[in-house]
């Protein structure tokens, strides 16, 4: 834009009117948006009276009728720890086989969280410096801890070998037979 065009705009009445209206509108807009207690921004607040709604009272006959209808859906089960069945029985634990995401051993629930390989220390395609992070939840107390196990280590009587980056194999011998469990992070 050169000086002749600017001079024309400043002397043209229509252009000046548009410029003045734009500036006034911009100032008004800025003042209403940025100034929190602007005189233009004050609104009357209605102090509405809030009254609670009374809940309906049922007649005793209606309460009895509703209770009778709900009785067919079973008894209320006490959720106290004495009535809960935790984990698996020893027989069920001894029959665990194959690929599982959780393994129950005694009062513990084991699940594989990660398999970590330290490439700086490991020989190529070796699992010697690979560790498995296993979550161990005590099913009686609910406490959880995550422990690190190396390849060819022992865990609760099982021999642990790291198979893949998402699987470890747990093997133990008992009663003359072998129990093999593949603990995996997720099902395929």
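Residue numbers (the working numbering): 2 to 189.
Ideal Cβ placement from N, Cα and C applies to all residues, glycine included.
If you check the beta carbons only, do residue i and residue j fall under 8 Å apart?
| i | j | result |
| --- | --- | --- |
| residue 116 | residue 162 | no |
| residue 110 | residue 132 | no |
| residue 1 | residue 182 | In the structure as shown, the chain begins at 2 and stops at 189. Residue 1 is therefore absent and cannot be evaluated. |
| residue 104 | residue 171 | yes |
| residue 18 | residue 11 | no |
| residue 141 | residue 130 | no |
Among the options, which residue has its Cα nearest to the Cα of residue i?
| i | options | result |
| --- | --- | --- |
| residue 176 | 92, 156, 13 and 102 | 92 |
| residue 179 | 74, 145, 22 and 97 | 97 |
| residue 134 | 4, 64, 141 and 186 | 186 |
| residue 89 | 99, 107 and 74 | 107 |
| residue 99 | 169, 3, 58 and 55 | 169 |
| residue 139 | 153, 151, 130 and 157 | 157 |
| residue 165 | 155, 184 and 29 | 184 |
Residue i by DSSP, collapsed to three states: which one?
| i | result |
| --- | --- |
| residue 24 | helix |
| residue 103 | coil |
| residue 17 | helix |
| residue 59 | coil |
| residue 147 | strand |
| residue 185 | strand |
| residue 90 | coil |
| residue 82 | Here residue 82 scores only 49 on pLDDT, less than 50, and its place in the model is too uncertain to base an answer on. |
| residue 42 | Its pLDDT being 48, under 50, residue 42 is placed unreliably in this model, and the value from its coordinates should be taken loosely. Residue 42 falls in the helix class under three-state DSSP. |
| residue 52 | coil |
With a threshold of 8 Å on Cβ separation, who are the neighbours of residue i within its own chain once the five nearest residues in sequence on each side are excluded?
| i | result |
| --- | --- |
| residue 137 | 109, 110, 111, 145, 146, 147 and 148 |
| residue 86 | Only weak support exists for where residue 86 lies, its pLDDT of 43 falling under 50; the value from the coordinates is given anyway. Correct list: empty, nothing qualifies. |
| residue 188 | 100 and 102 |
| residue 153 | 160, 161 and 162 |
| residue 27 | none |
According to DSSP, which residues form a beta bridge with residue i?
| i | result |
| --- | --- |
| residue 139 | 109 |
| residue 160 | 155 and 172 |
| residue 131 | 118 |
| residue 194 | Limits of the chain in this structure are 2 at one end and 189 at the other, which puts residue 194 out of reach. |
| residue 179 | 174 |
Which residues in the same chain have their Cβ closer than 7 Å to the Cβ of residue i, if we skip the five residues on either side of it in sequence?
| i | result |
| --- | --- |
| residue 214 | Shown here, the chain extends from 2 to 189; a query on residue 214 therefore has no answer. |
| residue 94 | 105 and 106 |
| residue 72 | none |
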